[in-house]
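A short worksheet on the structure shown next.
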Amino acid sequence: GWNPNTAMVLMTSTNLINWKSSIVNIPAAFETFKDVNRVWAPETIYDKKVGRYMLYWSMRTGQEADIIYYAYANKDFTALESEPKQLLFSPTKGACIDGDIVERNGKFHLFFKTESEGAKIRQAISDHLTGGYEVQQGIVQLTKEPAEGVGVYKLNNEDGYVLMYDVYK
Numbered sequence: 059g060w061n062p063n064t065a066m067v068l069m070t071s072t073n074l075i076n077w078k079s080s081i082v083n084i085p086a087a088f089e090t091f092k093d094v095n096r097v098w099a100p101e102t103i104y105d106k107k108v109g110r111y112m113l114y115w116s117m118r119t120g121q122e123a124d125i126i127y128y129a130y131a132n133k134d135f136t137a138l139e140s141e142p143k144q145l146l147f148s149p150t151k152g153a154c155i156d157g158d159i160v161e162r163n164g165k166f167h168l169f170f171k172t173e174s175e176g177a178k179i180r181q182a183i184s185d186h187l188t189g190g191y192e193v194q195q196g197i198v199q200l201t202k203e204p205a206e207g208v209g210v211y212k213l214n215n216e217d218g219y220v221l222m223y224d225v226y227k
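Going by this note's numbering, the first residue of the sequence shown is number 59, and it counts up by one from there.
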């Protein structure tokens, strides 16, 4: 269902067949987030400067707007090392979900769905992985219908990228 969903599952494998899993229940792990009722769409990116995986996901408290947060995974990828911090500060204070980050030419590009502006895919850019994202003007999707579930991938052996998203009605 849509509510409540307060945890994420972290999984590791050495062979892509056998998996070990850990549950990170945000309200149970962090008193500051005891009233969270949604933890959605976790993603990871390797932070070369820190030498660890950064997780980022959307989170909501009560009926407030969803916000994209981040935290670093521990060495074993079984828990978060520290309390989550807000990653994206939406200028409209609207809900932001389904983030995906790619690095290109020293800049970090965060693609996300905004709920308050017609369920469209937007882009924010920063010089730093963990903050300073500036939301760009306009939308990046080519469809007019509501969209979510954004994913961005660099093409192998080429300079191009692929932007994928779900269209729903």
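By construction, the Cβ of each residue, glycine as well, lies at the ideal position given by its N, Cα and C atoms.
Residue i to residue j span [Cα, whole Å]
i	j	result
E89	I81	17 Å
T119	L145	16 Å
F135	P85	19 Å
A99	G209	11 Å
Y114	T102	6 Å
E141	A129	7 Å
G190	N215	30 Å
E192	L74	37 Å
N- and C-terminal bounds of the beta strand (DSSP E) containing residue i
i	result
P100	V94 to D105
Q181	K178 to S184
T172	K165 to T172
I155	C154 to R162
Residue from the options whose Cα sits closest to the Cα of residue i
i	options	result
L221	E206, K92 and K107	E206
T150	K78, M69, Q194 and L168	Q194
A87	A65, Y104 and Y191	A65
S184	A177, L168, G176 and F91	L168
K227	K165, E203, E216 and K92	E203
D124	Q199, A137 and T172	T172
G109	L187, G157 and Q199	L187
DSSP three-state assignment for residue i, whether helix, strand or coil
i	result
F88	coil
W77	coil
G120	coil
I125	strand
T70	strand
D224	strand
G218	coil
Y211	strand
Y191	coil
Q199	coil
N132	coil
A137	coil
V82	strand
Contacts around residue i, its chain only, beta-carbon distance under 6 Å, and the 5 residues preceding and following it disregarded
i	result
N132	E139
S148	C154
R96	N63 and R118
Own chain residues within Cβ distance below 8 Å of residue i, not counting five before or after
i	result
Y219	V160, R162, V210, Y211, K212 and L213
W77	M69, T70 and S71
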